[in-house]
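> My questions will all concern the structure given below.
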Amino acid sequence: MTYVVTDNCIKCKYMDCIEVCPVDCFYEGENMLVIHPDECIDCGVCEPECPADAIKPDTEGGLDKWLQVNSEYAEKWPNITAKKEPPADAKTFDGETGKFEKYFSAVPGEGD
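For the sequence shown, the UniProt record's numbering begins at 1 and goes up steadily by one.
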């Protein structure tokens, strides 16, 4: 089992999860984070820290797409180990549906 970052992280990009991760398995894209599934130790401490409820265990149904997205972009985006401020308009997008199709960006973030 691993944890994955899902749709609701897009354009919210809260980083509370990064502070608690003991293995630094988060990677930063322009407008979301992903978890590297081969680095995640399945501890689960990140899940309750996400204000957007965007982190889920991959054992939940319907997350195959997100496991693929996390796997692919964790290999392309830079590692991030320190919390940054979320986008100023993050609350506007929190809970919006269909964010992947509308807003996902494959552009890497800054990382550390």
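Note that beta-carbon positions come from the ideal geometry of N, C-alpha and C, so glycine has one too.
1. Which of helix, strand or coil does DSSP assign to Phe104?
2. With Pro108 and Ser71 assumed to form a contact (beta carbons below 8 Å), what rounded beta-carbon distance in angstroms separates them?
3. Any idea what DSSP makes of Ile18, helix, strand or coil?
4. Kindly give me the distance between the Cβ atoms of Thr2 and Asp64, rounded to whole angstroms, as I take these residues to be in contact under 8 Å.
5. Is it a yes or a no for the stretch 1-19 touching the stretch 73-85, going by three-plus beta-carbon pairs under 8 Å?
6. Would you tell me roughly how many angstroms separate the C-alpha atoms of Tyr103 and Gly95, rounded to the nearest one?
7. Looking at the secondary structure, which residues open and close the alpha helix (DSSP H) in which Glu28 lies?
On the basis of the supplied data:
1. When DSSP states are grouped into helix, strand and coil, Phe104 belongs to the coil group.
2. About 16 Å; that fails the 8 Å criterion.
3. If DSSP states are grouped into helix, strand and coil, Ile18 belongs with the helices.
4. About 12 Å separates the two Cβ atoms, so there is no contact after all.
5. Segments in contact, yes.
6. 14 Å
7. Run containing Glu28: none in the alpha helix (DSSP H); it sits in the beta strand (DSSP E), Phe26 to Glu28.
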